[in-house]
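Reviewing the structure listed below.
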Amino acid sequence: MSERALDAAVDAARAAGHIALKHFHRGVEVALKPDDTPVTRADREAERAIVEILGRAFPAYGVLGEEFGGHGTSEVRWIIDPIDGTKNFVRGIPVWATLIALEERGEVTVGVIHNPVTAELYTARRGAGACLNGARIRVSDEGELHQSSFVHAGLGVVRKSGYWDG
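So the sequence shown is numbered by this note's numbering: it starts at 173 and just counts up by one.
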């Protein structure tokens with residue numbers, strides 16, 4: 173089941189990415205949600221597309237979305253952020269992505285992160301590991317925190333955006 177769910181989530185994330193790219197770098201109109209975070213037409217259109225695709229594939233599953241809230245069962249539900257990084261999105265910084273997870277009885281069993289600008293597609297299934305564009309990925313073998321590195325976003329992406337001062 174989780175492989176079929178992963179396939180549906182990938183299809184939905186790619187569709188959302190296609191929608192978001194149509195709006196990216198086009199001076200999208202920004203509104204503020206009650207919590208003072210930005211939302212755009214692209215966020216809403218992308219979430220609608222995700223919900224439609226996942227709803228067709230798994231009509232009994234609930235949904236908890238960033239833009240339209242939740243509906244359906246909470247036992248098994250999709251958790252969706254159509255554009256994680258809307259502030260970057262509206263500024264033309266390509267550090268944003270579509271996030272989709274499947275939660276089953278409190279445990280996330282499937283996850284997808286898709287950045288259509290960089291063509292990166294991260295996928296994971298509980299018990300099956302994680303992939304980047306279909307190639308297996310894993311954490312390093314480094315056992316000492318002080319010898320480790322953590323990168324939130326590739327600095328090359330930020331440099332190319334025009335927002336790098338260093």
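From the three backbone atoms N, C-alpha and C, an ideal C-beta is built for every residue, glycine too.
Separation of residue j from residue i, as counted between CA atoms
{"i": "Thr212", "j": "Glu238", "result": "12 Å"}
{"i": "Ala296", "j": "Ala181", "result": "11 Å"}
{"i": "Asp253", "j": "Gln319", "result": "33 Å"}
{"i": "Pro206", "j": "Glu292", "result": "31 Å"}
{"i": "Glu316", "j": "Ala307", "result": "26 Å"}
{"i": "Asn260", "j": "Ala218", "result": "16 Å"}
Proximity of residue i and residue j at Cβ, strictly below 9 Å
{"i": "Gly234", "j": "Arg220", "result": "no"}
{"i": "Ile285", "j": "Ile222", "result": "no"}
{"i": "Phe240", "j": "Arg216", "result": "yes"}
{"i": "Ile191", "j": "Ala214", "result": "yes"}
{"i": "Val280", "j": "Ile255", "result": "no"}
{"i": "Thr269", "j": "Gly283", "result": "Looking at the sequence itself, residue 269 is Ala, so the reference to Thr does not match. Their beta carbons are not under 9 Å apart, which means Ala269 does not touch Gly283 by this criterion."}
{"i": "Leu274", "j": "Ser174", "result": "yes"}
Cβ-based burial, residue i [other Cβ within 10 Å; buried from 16]
{"i": "Ile309", "result": "exposed"}
{"i": "Val267", "result": "buried"}
{"i": "Asn287", "result": "buried"}
{"i": "Gly199", "result": "exposed"}
{"i": "Ala203", "result": "exposed"}
{"i": "Gly189", "result": "buried"}
{"i": "His195", "result": "buried"}
Per DSSP, the bridge partner or partners of residue i
{"i": "Arg297", "result": "Val282, Gly301"}
{"i": "Ile272", "result": "Ile252, Val284"}
{"i": "Arg263", "result": "In the DSSP output, where bridge partners are listed per residue, Arg263 has none listed."}
{"i": "Thr212", "result": "Val202"}
{"i": "Leu236", "result": "Gly242, Ile251"}
{"i": "Arg308", "result": "Cys303"}
Same chain, Cβ closer than 7 Å to residue i, five either side skipped, listed in chain order
{"i": "Glu276", "result": "Val248"}
Nonlocal neighbours in the same chain, by C-beta distance under 8 Å from residue i, ignoring five residues either side
{"i": "Ile225", "result": "Ala180, Asp183, Ala184, Ala187"}
{"i": "Leu193", "result": "Pro288, Val289"}
{"i": "Gly242", "result": "Gly234, Val235, Leu236, Arg249"}
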